[in-house]
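K.L.:
Protein chains in written order, with this note's numbering: chain A, 1 to 406; chain B, 1001 to 1148; chain C, 2001 to 2627.
Just so you know, even glycine gets a beta-carbon here, dropped at the ideal spot from N, CA and C.
Below is one structure. I have some questions about it.
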């Protein structure tokens, strides 16, 4: 059996591990544009100079040898041909497969504003190559403009602060981290970034960015007419699944590749996992999808059921936040809040069930919230302050000594 | 694998397991007598929770068969050791994202109190002889190690 | 399977005893050590507070203060002061009863056995009274009057009994005690809920309680006892379980108040009482020594050769003594009467009688000592014991241990008898210290416990280490009982000493460890220290003298220890007194105390390390004296 996995992100790596566990003899070939295995969640540490390329590797030592996996790196997949059961790489090679996993992730989305897509000093932050280019570009740059104040935008800013750059962040919403936090939680991070020297321009969008003669953008004009000088622009406006190589393959796509609960695409023997499906969201889900795809590729029947992905943790300047579930309050919500010197907590309750939790400052032992939210557990019967609910209220132990939810 | 088995009905809430855990993981040399119980750096990896009826429910890392913390680790710091079955944490690899804290369904994990850069996680006392100190310290024998 | 109660008994320095206890069909404290081996860390560090209904509060990094706001320093020192006050109360109870017994004896023109001590005290107190009974009464009254003073009036005898440089130091520190009973009262008030929160203030109170405990509870109890019980004289005596002679009706005595036994002791050798014994088939009555009151009897044994068989063992040997089957009754008047002897007494049909209600045991008959009615009460006690003898002998199996212990143990050492032995003054001892033949003096005192390595393990190991370094060891308390049963108080033990000390011992025919008797005699040992300091014209902290309560057990020991610290002496403890949770308490006790009184606490559970530390201190002090 020949397994081909495109992409060496967490989905691809986890799939490969699972396949090796189930099929000791099969050939596993991994193909990636990335020349170095790296955790995308740690690119800011590379930008900050805290870690080198190797320090971003999230796999075990001697991963490929240990799992007996062939790895062809530095090549992109140009075309997927289900009829021929092969893929064509940008170096012209045709690679055949028995089972194919598409886990080649997503690409940064650069909005079509002015010359952003054209200029040589505009970068997304998605891959190690992006981070490497940013670091190089930053050497000669003084003023850095970051478009977007989501986690990626703030990661980039956090890394570049370490390099002593002057940073301005433009955000079209009136608060930073709008997807993850409420205004109050966001303000705490804004303050910390501002203390570190970052300027935020909120509720504004870039409207003009002209590429000058040197092929670079030196200033960006906002929708209120304000002009922001910049030597380097980082665009953190989200990602788009990397599906361009699927043209003509017959694989159904919407936003990303459409998969069923077994991570199967519309074409036989082709699976997809991770960001390319547009439904993973974050690392643990991508890992889960990769594992499930891997098992199914080995002939097992496993379904991806733990699809809940509205969850995140944030850690900047030692201020940690956990946000799980719904952030925006709705009509009929029962909102509970607690705040003190060291923490801010907010719970959204509806019909006795927890729909959203935001914990800032102290996230110790907070793992139970995700379970409560995604399983829509009724907590109204528990005679406790909502904030004191913990696993003790559902405590059960299996025969093998594992905890179970009662 | 060897697992710490909890019999919650025997727990008296004395927190000796927590003190023993702090002692086993303290940075300085010394005995339980001079363990600094006011130093926030000394943290326990186990907790005595209470349910709504006030009954003690000890919370100890299960070193799960399918550890959610490992699945969520984006740096490779958390790994399940194929030999012992225990989930180990390599502080030097940790990226301090704390997705493991969010993902542990039982709420066992937490960031360290002082630097918020490490995860406080049971290591089965591998560096203190491999017999969990908490188990040795329990006066009620509410926890014991069993091959499962 | 065999008949042993349990095979997990703790270690003992006394190997034959360890084996004996392990083989017993009865449960003893030695069996229970393992079951209690998991100690609550918060209790160990003294950071658990139960002073109010919000508690127990415990200090952790997440909760550095109790609900009331008390931090580790406040909680620890409150707990310590409470313990010290309680311990002081125990000793003050003992001296109060002792003084009352002296007073009553004198009033009834009873026998004055220690005229030398009476005159010495009368002289110190400034009592000029020709009639010896009136003189004794006045001495007892002077003590009692001080004990009953209010807290705000300083006790009058302190200045007369204390070494002047010490008295001045105490005055400077503001720790001269008021009435000793009131000081206990003051102490327990101070550490109650939401009163004092100042750790240093409470630690100073501990020192103050130490002074009243030491001068009154220790020093004066000994001397008052000398008046009515007779002064110690140096002699050799047997020790260990071997002293139990099954041909007699045997009464084990436990406690600290020897003067309560005087009447009974004398009656037991009267012909009519002996006849009662003979009638039931015994040769007569014997007292078997156990705990400190046994040590006291041993110390004065020269006066009681007929009725006293010898000292069998210390507090944690008491169960084994009873388990021999040779004991017919236990008479107790104070600690250390372990609650654990009760089931053994039940099982072996041993009659338990308490003569002081502070130490009433659950299954003992309370026959309170009553000076007025002592003849009648004594007869009742004797008759009940005879009855018990009849009921149990023959039906209860004997499990004697005739080989246990030693035949020729040196005893009877006191500040007077030792000086007499040396020729009437301290010069020979001073010469030996100056020449380095004796490097220094270590008082290894206090209790016996089962946790510092096991029964007497640290104490005996430490003594061996010290004498090997040519440091002479003086003992008092249950530590003595353990050390003597291990043979270190026989002249043959000189072989364990370093070459210089060994030569001294062999020349004088004495062991390298000298036994002053009960824990009360820590007071005697401190008189020796004071007289040495006086002879050298130095203050106590300058002497090459260290104290170790290596296996301290109880609250009384803590009050004793505070006296040692007030005297400015280095005090070694094997286990910390539940204070290590407070940085302030630890710093004050182990460091700042050097500046306050000259004393210091050293905590170390390893015999070799402890001996090295104590030797280091002795060498430092020698250097200070330029010797």
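Jot down the residue ranges of each uninterrupted beta strand (DSSP E) in the segment 2350-2383 of chain C, minimum 3 residues, whole runs only, in chain order.
P.N.:
List check, beta strand (DSSP E) in window: 2351-2354.
K.L.:
Starting from residue 390 of chain A, find everything on chain B with Cβ-Cβ shorter than 7 angstroms and list it in chain order.
P.N.:
Here residue 390 of chain A refers to the residue found at position 390 when the first chain is read from its first residue. Those within 7 angstroms of residue 390 of chain A in chain B are 1049 and 1107.
K.L.:
List the residues of chain C whose Cβ lies closer than 8 angstroms to the Cβ of residue 1134 of chain B, in chain order.
P.N.:
Within the second chain, the letter at position 134 stands for residue 1134 of chain B. Ordered by position in chain C, no residue passes the 8 angstroms Cβ test against residue 1134 of chain B, which lies about 11 angstroms from the chain.
K.L.:
Going along the chain, which unbroken runs of the beta strand (DSSP E) with 3 or more residues stay wholly within the segment 2411-2479 of chain C?
P.N.:
Those beta strand (DSSP E) runs which fall completely within the segment 2411-2479 of chain C and span 3+ residues are 2440-2445 and 2471-2476.
K.L.:
Quick check on residue 283 of chain A: does DSSP put it in helix, strand or coil?
P.N.:
As a working mapping, residue 283 of chain A is identified with position 283 in the first chain. Residue state, collapsed to three classes: helix.
K.L.:
In the DSSP assignment, find the alpha helix (DSSP H) that holds residue 2499 of chain C and state where it starts and stops.
P.N.:
As a first step, residue 2499 of chain C is located in the third chain; it is residue number 499 there, counting from the start. Start and end: 2499-2508.
K.L.:
Starting from the Cα of residue 2079 of chain C, find the closest Cα among C:2347, C:2140, C:2046 and C:2292 and give me that residue.
P.N.:
Mapped onto the third chain, residue 2079 of chain C falls at position 79. Considering only alpha carbons, the answer is C:2046.
K.L.:
Of all the beta strand (DSSP E) runs that stay within the bounds of the segment 2086-2146 of chain C, which reach a length of 3 or more residues?
P.N.:
Listed in chain order, there is nothing to give.
K.L.:
By a C-beta neighbour count over all protein chains shown, 10 Å radius and 16 as the cutoff for buried, is residue 2594 of chain C buried or exposed?
P.N.:
The count along the third chain starts at 1 and reaches residue 2594 of chain C at position 594. Classification for residue 2594 of chain C: exposed.
K.L.:
Report the CB separation of residue 365 of chain A from residue 1047 of chain B in whole angstroms; it is logged as a contact under 8 angstroms.
P.N.:
Residue mapping note: residue 365 of chain A aligns to position 365 of the first chain, counting from 1. Residue mapping note: residue 1047 of chain B aligns to position 47 of the second chain, counting from 1. Indeed they touch by this definition, with Cβ atoms about 7 angstroms apart.
K.L.:
Tell me, to the nearest whole angstrom, how far the beta carbon of residue 2254 of chain C is from that of residue 2051 of chain C; I am working on the premise that it is less than 8 angstroms.
P.N.:
Here residue 2254 of chain C refers to the residue found at position 254 of the third chain. Here residue 2051 of chain C refers to the residue found at position 51 of the third chain. That belief does not hold up - the Cβ atoms of residue 2254 of chain C and residue 2051 of chain C are roughly 32 angstroms apart, past 8 angstroms.
K.L.:
Residues of chain C with CB under 8 angstroms from residue 1042 of chain B, in chain order?
P.N.:
Counted from its first residue, the second chain places residue 1042 of chain B at position 42. 2061, listed in chain order.
K.L.:
Residue 2156 of chain C: buried (16+ other C-beta within 10 angstroms of its C-beta) or exposed?
P.N.:
Stepping through the third chain from its first residue, residue 2156 of chain C is reached at position 156. Label assigned to residue 2156 of chain C: exposed.
K.L.:
I'd like to confirm the pairing. Which residues does DSSP put opposite residue 220 of chain A in its beta bridges?
P.N.:
What you label residue 220 of chain A is simply residue 220 of the first chain in a count that begins at 1. DSSP lists A:209 and A:228 as partners of residue 220 of chain A.
K.L.:
Where does residue 335 of chain A land, buried or exposed, given buried means 16+ other C-beta within 10 angstroms?
P.N.:
Within the first chain, numbered from 1, the residue matching residue 335 of chain A stands at position 335. Result: exposed.
K.L.:
What are the partner residues of residue 2290 of chain C, as DSSP defines its beta bridges?
P.N.:
The residue given as residue 2290 of chain C occupies position 290 in the third chain. DSSP, once it has assigned bridges, lists C:2313 as partnering residue 2290 of chain C.
K.L.:
Give the straight-line distance between the Cα atoms of residue 4 of chain A and residue 127 of chain A, rounded to the nearest whole angstrom.
P.N.:
By 1-based counting over the first chain, the position of residue 4 of chain A is 4. By 1-based counting over the first chain, the position of residue 127 of chain A is 127. So the two alpha carbons sit approximately 21 angstroms from each other.
K.L.:
Closer than 8 angstroms is the cut-off here; do at least three beta carbon pairs connect the segment 2192-2209 of chain C with the segment 2084-2093 of chain C?
P.N.:
Yes, the segment 2192-2209 of chain C is in contact with the segment 2084-2093 of chain C.
K.L.:
Taking 6 angstroms as the limit between beta carbons, can you name the residues of its chain near residue 1122 of chain B, skipping five residues before and five after?
P.N.:
Your numbering for residue 1122 of chain B matches position 122 in the second chain. For residue 1122 of chain B, where only same-chain residues beyond five positions count, the Cβ hits under 6 angstroms are 1045 and 1061.
K.L.:
In or out: residue 312 of chain A buried (at least 16 other Cβ within 10 Å) or exposed?
P.N.:
By one-based count along the first chain, residue 312 of chain A stands at place 312. Answer is buried; the Cβ neighbour count reaches 16.
K.L.:
So if DSSP puts residue 404 of chain A in a beta bridge, which residue, or which two residues, is it bridged to?
P.N.:
To locate residue 404 of chain A, count along the first chain from 1; it is residue 404. DSSP output for residue 404 of chain A lists A:396 as bridge partner(s).
K.L.:
So, for residue 2324 of chain C: in the same chain, excluding its five sequence neighbours on each side, which residues have a beta-carbon less than 8 angstroms away from its beta-carbon?
P.N.:
For the purposes of this step, residue 2324 of chain C is identified with residue 324 of the third chain, where counting begins at 1. 2241, 2244, 2398, 2399, 2400 and 2401.
K.L.:
Please classify residue 2007 of chain C: is it buried, with 16 or more other beta-carbons within 10 angstroms of its beta-carbon, or exposed?
P.N.:
If you number the third chain from 1, residue 2007 of chain C lands on position 7. By the neighbour-count rule (16 or more Cβ atoms within 10 Å), residue 2007 of chain C is not buried but exposed.
K.L.:
Following the continuous beta strand (DSSP E) through residue 407 of chain A, name the residue where it begins and the one where it ends.
P.N.:
Examination of residue 407 of chain A is not possible in this model, given that chain A is present from 1 through 406 alone.
K.L.:
Give the interface partners of residue 58 of chain A over in chain B, defined as CB-CB distance under 9 angstroms, in chain order.
P.N.:
Counted from its first residue, the first chain places residue 58 of chain A at position 58. By Cβ distance, chain B contributes 1073, 1074, 1075, 1076, 1077, 1093 and 1095.
K.L.:
Report the residues of the segment 2551-2562 of chain C with a CB closer than 8 angstroms to any CB of chain B, ordered along the chain.
P.N.:
Answer in chain order: no residues at all.
K.L.:
Considering only C-alpha positions, which residue in the set A:87, A:180 and A:171 is nearest to residue 247 of chain A?
P.N.:
Counting from 1 along the first chain, the entry for residue 247 of chain A is found at position 247. Of the candidates A:87, A:180 and A:171, the one whose C-alpha sits nearest the C-alpha of residue 247 of chain A is A:87.
K.L.:
Taking the alpha carbon of residue 325 of chain A as the point to measure from, which residue in A:274, A:303, A:372 and A:300 has its own alpha carbon closest?
P.N.:
For the purposes of this step, residue 325 of chain A is taken as residue 325 along the first chain, with counting starting at 1. Residue 325 of chain A has its Cα closest to that of A:372, out of A:274, A:303, A:372 and A:300.
K.L.:
Is residue 1060 of chain B near the ligand HEM - that is, is its Cβ less than 6 angstroms away from at least one heavy atom of it?
P.N.:
Looking at this structure, you won't find the ligand HEM or any other ligand, since it has none at all.
K.L.:
Assuming residue 282 of chain A and residue 257 of chain A are in contact, meaning their beta carbons sit under 8 angstroms apart, how far apart are those beta carbons, in whole angstroms?
P.N.:
Residue 282 of chain A sits at position 282 when you count from the first residue of the first chain. Residue 257 of chain A sits at position 257 when you count from the first residue of the first chain. 18 angstroms between Cβ atoms; not a contact.
K.L.:
Indicate whether at least one CB of chain C lies closer than 7 angstroms to the CB of residue 1014 of chain B.
P.N.:
Position 14 of the second chain holds residue 1014 of chain B. Yes, residue 1014 of chain B lies at the interface with chain C (some Cβ there is under 7 angstroms from its Cβ).
K.L.:
Can you tell me whether residue 360 of chain A is helix, strand or coil according to DSSP?
P.N.:
Along the first chain, read from residue 1 onward, the residue named residue 360 of chain A stands at position 360. Three-state result, residue 360 of chain A: strand.
K.L.:
Tell me whether residue 2241 of chain C sits in a helix, a strand or coil according to DSSP, three-state version.
P.N.:
For this step, residue 2241 of chain C is matched to residue 241 along the third chain. Helix, per DSSP.
K.L.:
Closer than 7 angstroms, Cβ to Cβ, to anything on chain B: give me those residues from the segment 2029-2041 of chain C, in chain order.
P.N.:
Cβ contacts with chain B come from 2038, 2040 and 2041.
K.L.:
Across the segment 2346-2355 of chain C and the segment 2373-2393 of chain C, are there enough close Cβ pairs to call them in contact, namely three or more that are closer than 8 angstroms?
P.N.:
Yes, the segment 2346-2355 of chain C is in contact with the segment 2373-2393 of chain C.
K.L.:
So, with DSSP's three-state summary, where would you put residue 369 of chain A?
P.N.:
Looking up residue 369 of chain A in the first chain gives position 369. Helix.
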